[in-house]
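Residue numbers (my numbering): 86 to 353.
Input: a single structure, listed below in structure tokens.
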Ligand code: SF4
């Protein structure tokens, strides 16, 4: 039982809400109970720009040949936060330019079923909100694909397996998408068959087949965290990752526990 029962009982939960709580309970309180203004950051702005361009491309509002120009024109308009090192902005800019110059997916091969559509659903008395990037039907196979754009990179070993340091990151993405797929099947009766994570900075995919079993496991994880939030009383700050605290946490400027530390810049 928490002091914030009334607020939490009327809260809409999302993947982002739940993962914020898992990262830092205090950040969750500042964000969702105290509703403090969230700070922008370089990575989120770069992600917004790439999402926006891909949405326009799939909707036919931008054609293949105009993608690099559009990207170039809007980069500094959208990506205004300072990056973490002198070369990072240029590296991201170059990776994005390269990506939008070499896209080899043709939107005409797909029918768009949904794009950036926010939907909510009630599950066991909890209201959940999902907003998938895009749901496509492949015309040649009829396969229904849930696709999500990511601007981070998943590191791999020489043999192609996922590097140990990035296994949790990839599992987090998987959970997010299995949750979306489950609720799309509940709400819109859209039966997702395949989940594709499209990594923009190196133009690679991670592909998973959707299974109800994995979706239910993810849903159970989700409901377990919601139950933990409902019981939480202390909302302890997690200062174990100074890089996250100083650069990525949306409520970092309001956090009295943050240890200001000019961490060595690293590209996520
Ligand atoms: S700055 Fe760090 S400790 Fe403070 S709220 Fe954010 S994640 Fe938590």
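All residues carry an ideal CB built from backbone N, CA and C; glycine is no exception.
Does ligand 1 have even one heavy atom less than 7 Å from the beta-carbon of residue i?
i           : result
residue 118 : no
residue 329 : yes
residue 129 : no
residue 323 : yes
residue 286 : no
residue 108 : yes
residue 169 : no
residue 342 : yes
residue 295 : no
residue 337 : yes
residue 258 : no
residue 135 : no
residue 115 : yes
residue 111 : yes
Taking the beta strand (DSSP E) that residue i belongs to, which residues open and close that run?
i          : result
residue 98 : 97-99
According to DSSP, is residue i part of a helix, a strand, or is it coil?
i           : result
residue 320 : coil
residue 328 : helix
residue 211 : strand
residue 197 : strand
residue 204 : strand
residue 133 : helix
residue 170 : coil
residue 175 : helix
residue 107 : helix
residue 341 : coil
residue 192 : helix
residue 148 : coil
residue 335 : coil
residue 124 : coil
residue 102 : helix
residue 305 : helix
residue 349 : Bear in mind that a pLDDT of 48 at residue 349, under 50, signals an unreliable position, so the number given afterwards is only what the model happens to contain. Three-state DSSP puts residue 349 in coil, outside helix and strand.
Does any heavy atom of ligand 2 sit closer than 7 Å to the C-beta of residue i?
i           : result
residue 123 : With respect to ligand 2, the structure shown offers nothing to examine, as its ligands consist of ligand 1.
What residue does the alpha helix (DSSP H) around residue i start on, and which one ends it?
i           : result
residue 157 : 152-163
residue 118 : Residue 118 -> no alpha helix (DSSP H), and no H or E assigned at all.
residue 90  : 90-94
Problem - Ordered list of beta strand (DSSP E) runs contained in the region 215-295, each at least 3 residues - result: Runs found: 219-223, 229-235, 279-284, 289-294.
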